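Remarks on the structure that follows.
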Amino acid sequence: MSVINAVTCPICGCLCDDIEVTVVDNEVVKVKNGCAVCEAKYLG
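Following my numbering, the numbering of the sequence shown begins with 13 at its first residue and continues without gaps.
Given below as structure tokens:
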């Protein structure tokens, strides 16, 4: 498991840069500080 901080979200164009993602076996399993659209795209 690895936690990656300061991820920039490219989904809606706002380029939020405070996203934190948790990755397990090359798959994003948790998103912190993301909006609903960001979470749906990263986890979907």
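Cβ atoms here follow ideal geometry from the backbone N, Cα and C, with glycine treated the same way.
Please read all numbers here as calculations on a predicted model, not as lab measurements.
Residue i burial status per 10 Å Cβ neighbour count (16 or more: buried)
i     : result
Glu51 : buried
Val19 : buried
Ile31 : buried
Gly46 : buried
Rounded separation between residue i and residue j - CA only
i     : j     : result
Val35 : Cys26 : 23 Å
Met13 : Lys53 : 20 Å
Ala17 : Val43 : Here residue 17 is Asn; the residue named in the question, Ala, does not match the sequence. Whole-angstrom Cα-Cα distance: 10 Å.
Asp29 : Pro22 : 9 Å
Asn38 : Val49 : 21 Å
Identity of the residues DSSP links to residue i by a beta bridge
i     : result
Ile16 : Val33
Glu39 : Val36
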